[in-house]
Amino acid sequence: MKKISIIILGISCLVSLILSCSKDIGNYNYITLNNIQISDMATSYEAEYLMDTLKISPRISFSKEELDAKGLSYEWSAIPKASGIGSEKKILGLEKDLVYRVELLPATYDIYFKVKNMTNNTIYEQKAEIKVNTATYEGWMVLTEQNGKGKLGMVSLKGNGSTYTLIQNVLEKTEVREIDAPRSIQYCNSMGAWENIMIIGAQSAHRVNPAFFTWSPDQDFKYEMLDNTPDNNPAKIVTVDFFSEFLITNKGNLYFKDPIDEDIFTAPKNRDDQGKAFRAAPFVAYGSNTYSVNAVVFDTDAKRFLKLGNKATRCSTIPDGSLFSYTTNKELLHLSNSAFNNADNFAIMRDNDNQHYLYRFNIGNSNISQTYYDKIYSSEIQGATHFAVHPTLGYIFFAKGGAIYEYDMNLRMAKKMADYGNKKVTLLKFNTFTSTGKYYKPAYKELDQQLIVGINAPSQSQEASASLLLYEVPTINRDLILKNQYDGFPKIIDVTYRERWN
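Right under this line is the structure:
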């Protein structure tokens with residue numbers, strides 16, 4: 184009975200409260216607020232990091248009379264959509280019209296525009312989205328030389344590559360130390376887990392951040408080497424697909440790094456079966472099975488090819504085949520990998536009589552097979568300075584002075600493909616893509632097949648004397664087709680592509 188009495192009493196109180204409230208009318212003054220409407224703002228924006236200035240001029244209107252601007256305050260802010268990118272909130276401006284030089288790190292952000300009515304402390308808000316890209320997001324990185332010093336230009340490609348931005352020197356406002364006598368540049372990565380840009384000069388080598396080209400002293404390449412041999416500066420780095428790296432120094436020392444096992448280059452591997460050290464040429468040939476790397480290098484002292492087996496500590500001799508001896512007694516001018524004939528390696532060599540030869544061999548998991556050997560029947564190749572091999576067609580390109588020739592090993596003849604007159608060819612290559620993008624991105628598949636040429640006009644200003652040319656290479660020795668030309672660089676030393684994995 185006690186519980187029932189309590190329940191009945193509670194219900195009676197609740198009913199009384201409801202009735203008293205329903206009768207309480209006319210005790211308050213209701214005021215219609217002067218609401219603020221924000222318009223003329225897009226729902227999304229796009230800008231380039233450090234390159235663009237974001238300008239937004241929203242329209243402010245009121246539901247009643249217009250308020251004095253002194254009675255309003257404004258705030259523009261950005262919050263990253265993904266966690267872990269910069270601070271949680273960044274103030275972009277405190278004026279009605281936003282004029283902001285984009286310093287947000289590349290990512291996607293929500294932008295908030297807040298208007299506060301200072302009279303009644305009411306806040307009104309409009310939201311938009313901004314995607315911040317970087318001008319160096321993707322494209323050709325061009326290592327150049329001006330007055331003996333290195334610069335890193337870039338052809339920043341957008342969309343499908345039909346539009347681009349030309350950047351003269353992405354290192355200009357970074358911490359990267361001055362590069363004397365630039366030699367090469369390479370995009371390096373390991374299965375997408377990390378990536379960087381390797382820049383090599385005569386006296387120094389550095390890895391830099393590929394998004395912002397930032398650098399710190401601990402990124403000096405010397406900290407990647409266990410070997411502390413004096414003046415042992417990198418001359419060439421070879422990235423094997425998206426996995427391992429070979430390194431050859433200016434002293435001819437050879438190193439290998441497998442990121443699964445180690446993150447530094449350990450002891451040099453340029454020793455033969457007998458333990459004798461040799462000077463390695465700045466080339467590495469490798470097979471199609473890049474997960475179990477077998478490589479072939481060239482001993483410049485004994486003028487012979489040697490095998491460096493997977494995880495081997497030294498090199499070993501290769502038994503002679505039916506086509507040629509691996510002890511060539513010739514000078515190696517060029518060695519490159521290809522997809523031709525199921526991953527043949529092409530070696531261009533010269534004997535003491537200035538006769539040129541072509542060697543081809545294929546590196547398998549357990550053996551090295553010879554596929555071709557012959558003289559190069561071309562008088563034009565005498566004095567050639569640059570060489571390149573088409574990755575699938577097997578045509579050999581070489582430069583002499585201001586001209587480019589294509590050699591067909593089946594026809595045993597060379598054809599002049601381009602003549603630049605007084606301009607000099609300073610670069611001739613095909614770019615080897617190393618990310619998985621090369622398997623599914625149509626643009627990468629197309630660029631992989633294009634001949635890259637750097638030409639320089641000595642008579643012009645050093646600051647803008649060079650051009651970068653990209654050619655499509657047709658079959659059956661037809662003329663080259665110019666696909667793109669980028670002008671206004673200093674002398675071009677090397678080119679590589681800043682790739683993207685997605």
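In our numbering, each residue's number is its place in the sequence shown (first place is 1) plus 183.
The beta-carbon is built from N, C-alpha and C at its ideal position, and this holds for glycine as well.
- Excluding residues up to 5 positions away in sequence, Y542, Q553, Y556 lie with their Cβ nearer than 7 Å to the Cβ of F507 in the same chain.
- CA-CA distance, T226 to K238, rounds to 14 Å.
- Of all alpha-carbon atoms in F404, D527, P673, T236, the one lying nearest the alpha-carbon of I380 is that of F404.
- Nearest in C-alpha terms to A418, of all of L430, D591, T412, is L430.
- For secondary structure counted as the beta strand (DSSP E) over 3 or more consecutive residues, the stretch 242-287 holds these complete runs in sequence order: 242-245, 255-263, 273-276, 281-284.
- Sixteen is the threshold: when 16 or more other Cβ atoms of the shown chains lie within 10 Å of the Cβ of E321, as they do, the residue is buried.
- The continuous beta strand (DSSP E) containing A571 extends over residues 569-572.
- A distance below 6 Å between beta-carbons, with the five flanking residues on each side excluded, links Y292 to the following residues of its chain, in chain order: A261, P263, I313.
- With respect to the C-alpha of S471, the residue from N415, Y622, V423 having the closest C-alpha is V423.
- DSSP, read as helix, strand or coil, puts F439 in strand.
- With respect to the 9 Å criterion, Q309 and P241 are classified as neighbours on the basis of their beta carbons.
- Under the three-state reduction of DSSP output, P400 falls in the helix class.
- Minimum Cα-Cα distance from Q668 among the listed residues T615, V338, K247 corresponds to V338.
- When the beta-carbon positions are compared, T346 and L354 stay at least 9 Å from each other.
- In the DSSP annotation of this structure, K356 is not part of any alpha helix (DSSP H), being labelled neither H nor E.
- Under a 10 Å Cβ-count criterion, E271 is classified as exposed, with fewer than 16 other Cβ atoms of the shown protein chains found around its own Cβ.
- Close CB contacts of P574 within its chain, under the 6 Å cut and outside five residues either way in sequence, are with S521, A522, F613 (chain order).
- Exposure of N330 is indicated by the presence of fewer than 16 other C-beta atoms within 10 angstroms of its C-beta.
- Around the C-beta of T397, fewer than 16 other C-beta atoms lie within 10 Å, and the residue is accordingly described as exposed.
- Taking every protein chain shown into account, the CB of M301 has fewer than 16 other CB atoms within 10 angstroms, so this residue is exposed.
- In this structure the stretch 528-540 touches the stretch 501-515; the number of beta carbon pairs closer than 8 Å is three or more.
- With fewer than 16 neighbouring CB atoms inside 10 Å of its own CB, P657 falls in the exposed class.
- Bounds of the alpha helix (DSSP H) holding P625 are 625-631.
- If you compare the alpha carbons of V608, R284, Y257, S427 with that of M234, the shortest gap goes to R284.
- E428 counts as buried, since no fewer than 16 other beta carbons sit within 10 angstroms of its beta carbon.
- Here K621 carries a helix assignment [DSSP, helix/strand/coil].
- Taking 3 residues as the shortest admissible run, the stretch 542-571 contains the following complete beta strand (DSSP E) segments, listed from N- to C-terminal end: 551-558.
- Checking the DSSP bridge columns, you'll see W323 partnered with V338, Y680.
- For N639 and S648, the gap between their C-alpha atoms comes out near 6 Å.
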